[in-house]
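Numbering (full-length UniProt numbering), first residue to last: 1 to 320.
For every residue, glycine included, the Cβ atom is placed at its ideal position computed from N, Cα and C.
This is the structure:
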């Protein structure tokens, strides 16, 4: 947290890729409470003004977030134990747009957060024509496909860092969590096999004539799961940030009890159904069948392997 800003009693916070679900305001609440606690520990008057910027792509349901703002403010103030005459002022603004572009004024932010968004690329990499049979990087992907994905990551992440460096004040902090990998191999199972199983389900459907083979051959995910070293290299190249902490940690594919394959396929359906529907123009019945088969493949895999996704969390301070 930017101590000077806390001391001044004002804090501008941006949450990038906020989505519109029930947890969209959770992080904001935690940051506000942390700033309140920090100002007390520093012996300053409590931070009394918070400007919150919620960013996502223009198609995000910002109205759903806005409808819950009043309840969020009341809950946060209650948890902070604020007296009516000393309640913090909380201003919340929606900012539609891509975080691979400039979003905010120069030196206007003190803290930036993003959770499970920065692994998405600004676009599908070019030059993936030889990746037929796959929808992401896989062991069978040719080297040119791996290089295209890595190049797209370099382009996007360097732009992301450059824009945030202009928007953060000196001493401002940024915490990012996204999908990553431990392995030096970009197609390692820890980061790619969950997508390979989706490829298998789609290829089964195409072989039976249930989805269009040509559309499948041209379908690739705009994604990249970097290693810690790849992140460090881009941060060092950009030059405005110091890495305070970088951690890799495992997250089970199945966060619930019961049939793991079914649970994971349901989560993936919520995420990918719009993408698949747009690419293939399918009926509800065909989409349901894709994810039914995907669930069976997931269950088979999870019964014999330790199924985890690797997450990467990095904390950065703007030093110049």
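Tell me the residue span of the alpha helix (DSSP H) that contains residue i.
i, result
"residue 156", "143-167"
"residue 290", "284-302"
"residue 42", "It is not in any alpha helix (DSSP H) - residue 42 carries neither H nor E in the DSSP assignment."
"residue 268", "260-280"
"residue 77", "69-80"
"residue 214", "213-217"
"residue 62", "62-66"
With distances taken from CA atoms, which of the options is nearest residue i?
i, options, result
"residue 251", "311, 234, 265", "311"
"residue 160", "94, 288, 9, 117", "117"
"residue 175", "314, 97, 12", "314"
"residue 111", "12, 302, 145", "12"
"residue 271", "163, 300, 193, 120", "120"
"residue 80", "40, 126, 115", "40"
"residue 304", "275, 261, 151", "261"
"residue 17", "249, 301, 186, 60", "60"
"residue 48", "72, 77, 282, 64", "77"
"residue 281", "102, 129, 214, 10", "214"
"residue 324", "149, 36, 126, 276", "The structure shown does not extend to residue 324, since the chain is modelled only from 1 to 320, so the question has no answer here."
"residue 259", "287, 300, 274", "300"
"residue 321", "72, 58, 20", "The structure shown does not extend to residue 321, since the chain is modelled only from 1 to 320, so the question has no answer here."
"residue 31", "173, 168, 169", "173"
"residue 102", "242, 163, 278, 203", "163"
"residue 278", "70, 212, 244", "212"
Provide the residue span of the beta strand (DSSP E) that contains residue i, from first to last.
i, result
"residue 55", "49-56"
"residue 188", "Taken as a continuous stretch (DSSP letters only), residue 188 belongs to no beta strand (DSSP E), as it is neither H nor E."
"residue 94", "89-96"
Spell out the partners DSSP gives residue i in its beta bridges.
i, result
"residue 174", "112, 316"
"residue 251", "309"
"residue 245", "315"
"residue 14", "53, 112"
"residue 181", "227"
"residue 120", "223"
Cβ of residue i versus every heavy atom of the ligand GTP: is any distance shorter than 7 Å?
i, result
"residue 157", "The ligand GTP is not part of the structure shown, which contains no ligands of any sort."
Should the stretch 85-95 be called in touch with the stretch 137-155, which here means at least 3 C-beta pairs below 8 Å? No, because fewer than three Cβ pairs between the stretch 85-95 and the stretch 137-155 fall closer than 8 Å, the two stretches do not touch.
Is the stretch 290-303 touching the stretch 218-226 in the sense that three or more CB pairs, one from each, lie closer than 8 Å? no
Validate contact between the stretch 223-242 and the stretch 266-283 using beta carbons, cut 8 Å, 3 pairs: no
For the stretch 45-63 against the stretch 130-137, do three or more pairs of beta-carbon atoms, one drawn from each stretch, fall closer than 8 Å, so that the two count as touching? no
Is the stretch 186-195 touching the stretch 234-246 in the sense that three or more CB pairs, one from each, lie closer than 8 Å? no
Within 8 Å, do at least three Cβ pairs link the stretch 176-190 to the stretch 94-102? Taking 8 Å as the limit for Cβ pairs, the verdict is that the stretch 176-190 does not touch the stretch 94-102.
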